[in-house]
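Trainee: Okay, here's the structure, questions in a sec.
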Amino acid sequence: MSAQDKTEEILRQMHILLAGSEAYDSIGSKIILDKKRMLELLAELNKAIYAMMEEYELTTQGKERARREAAKIGEDILKDASGKAEDVYAASVMYTNEALRHVQEIMQRATDAMQEIYKDANEKLQKEKDVVRRDQSDLKGHLQNLADTDKYLNLIEDRNREIEKERAKEKGETEPSPYSAIKPEIKINQEYFEKAGIVPENELPEEIPEDTPEEAAPKAEVNVNLDAEYFHWKEGGEASGEKKPEKHSFFSRHHKE
1 MSAQDKTEEI
11 LRQMHILLAG
21 SEAYDSIGSK
31 IILDKKRMLE
41 LLAELNKAIY
51 AMMEEYELTT
61 QGKERARREA
71 AKIGEDILKD
81 ASGKAEDVYA
91 ASVMYTNEAL
101 RHVQEIMQRA
111 TDAMQEIYKD
121 ANEKLQKEKD
131 VVRRDQSDLK
141 GHLQNLADTD
151 KYLNLIEDRN
161 REIEKERAKE
171 KGETEPSPYS
181 AIKPEIKINQ
191 EYFEKAGIVP
201 ENELPEEIPE
211 DTPEEAAPKA
221 EVNVNLDAEY
231 FHWKEGGEAS
241 GEKKPEKHSF
251 FSRHHKE
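Each step along the sequence shown adds one to the number in the UniProt record's numbering, with nothing skipped, and position 222 is 222.
Here it is, written out as structure tokens:
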């Protein structure tokens with residue numbers, strides 16, 4: 001029986017004792033009680049109340065202890081969850097860092113490969129360029145042995161200037177060539193010619209030549225192998241003392257001039 005039930009039972013017995021007691025006066029406001037029985041019931045009631053108070057304290061303490069335990073459990077759960085969340089976050093950061101490191105390694109390998117390819121290609125092109133430059137020097141060296149060296153070198157320079165002009169035209173640049181000849185401006189003193197009675201050439205009436213049969217006829221296109229003509233002419237010139245009939249070739253005419 002719990003302290004509360006026991007207390008209720010003692011109070012019920014006290015109520016029965018008071019109800020069954022004999023009246024002391026005619027009004028019934030006073031009664032005659034069994035002192036011993038009343039003291040026993042009061043003693044039991046006192047014990048029951050203490051027991052109930054202890055149960056209440058125990059209950060309160062239990063509740064407080066339960067609350068503290070629940071709070072501790074909640075804190076432990078929260079702490080554990082926070083720790084796990086930090087572990088998960090740290091793992092994700094480490095995984096991302098590792099992935100980025102791999103990406104950087106791949107990019108670096110690709111960069112190194114591209115640089116190696118560029119280096120090899122540049123070396124090959126440089127070698128080819130050196131070969132071409134050497135061949136060009138050899139060709140110019142051969143030209144030094146020819147009689148018309150200056151003429152051929154001038155032709156080469158003219159061709160190089162034409163190529164530069166074409167490149168500038170393709171780029172949309174119209175820069176004047178530094179090799180272009182400077183044409184001086186010539187002014188004519190008209191008063192001098194008038195006093196001397198001389199008519200300037202630029203004011204002479206132009207004569208329209210009549211077309212001759214030879215000019216009206218179409219000109220035949222002649223292709224001459226200049227290299228063959230030149231070497232043939234040079235061999236003829238170096239022959240010892242033998243006089244050969246004069247051949248009217250391109251190089252013979254130029255040599256005479």
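C-beta atoms are modelled at their ideal positions from N, C-alpha and C, and glycine is treated no differently.
Note that this is a predicted model, so its numbers are computed, not measured.
Cα separation between PHE251 and LEU155?
Mentor: With a pLDDT of only 43 at PHE251, under 50, the local geometry of the prediction cannot be trusted, and no value is derived from it.
Trainee: Classify ALA81: buried if its beta carbon has 16 or more other beta carbons within 10 angstroms, exposed otherwise.
Mentor: With fewer than 16 Cβ atoms within 10 Å of its Cβ, ALA81 is classed as exposed.
Trainee: Going by beta-carbon coordinates alone, are MET14 and LEU39 separated by less than 8 angstroms?
Mentor: In this structure, LEU39 does not lie closer than 8 angstroms to MET14 by Cβ.
Trainee: Please identify the residue among GLU166, ASP138, GLY62, SER2 whose C-alpha is closest to the C-alpha of ALA51.
Mentor: Among GLU166, ASP138, GLY62, SER2, the Cα nearest to that of ALA51 belongs to SER2.
Trainee: Could you check how far apart the C-beta atoms of ILE10 and LEU45 are, in whole angstroms? I think they sit under 8 angstroms.
Mentor: Indeed, because the Cβ distance is near 5 angstroms, the residues count as touching under 8 angstroms.
Trainee: Can you check which of these residues, ARG37, LYS36, GLY20, is closest to LYS30 by C-alpha distance?
Mentor: That would be GLY20, whose Cα lies nearest to the Cα of LYS30.
Trainee: Rounded C-beta distance between THR7 and ALA48? I'm assuming under 8 angstroms.
Mentor: Sure, about 4 angstroms apart at Cβ, within 8 angstroms.
Trainee: Taking CB distances under 8 angstroms as the criterion, tell me whether GLN115 reaches chain B.
Mentor: The displayed structure is made up of one protein chain only, and chain B is not part of it.
Trainee: What three-state label does DSSP hand ILE27 in the structure shown?
Mentor: Of the three classes helix, strand and coil, the one that applies to ILE27 here is coil, per DSSP.
Trainee: Out of LEU18, SER26, GLY28, which one is the CA nearest neighbour of ARG37?
Mentor: Nearest option by C-alpha distance: LEU18.
Trainee: Name, in chain order, the residues that DSSP records as bridge partners for ILE156.
Mentor: Paired residue(s): none; ILE156 is not in a bridge.
Trainee: State the start and end residues of the unbroken alpha helix (DSSP H) segment that holds LEU33.
Mentor: Note, LEU33: premise wrong, no alpha helix (DSSP H); not H, not E.
Trainee: Measure the C-alpha to C-alpha separation of SER137 and LEU100 and round it to an integer number of angstroms.
Mentor: About 54 angstroms.
Trainee: For the alpha helix (DSSP H) that LYS6 lies in, which residues bound it at each end?
Mentor: Run containing LYS6: 3-19, per the alpha helix (DSSP H) assignment.
Trainee: Distance check for GLN61 and GLY74, CA to CA, integer angstroms please.
Mentor: Looking at the two C-alpha atoms, the distance is approximately 19 angstroms.
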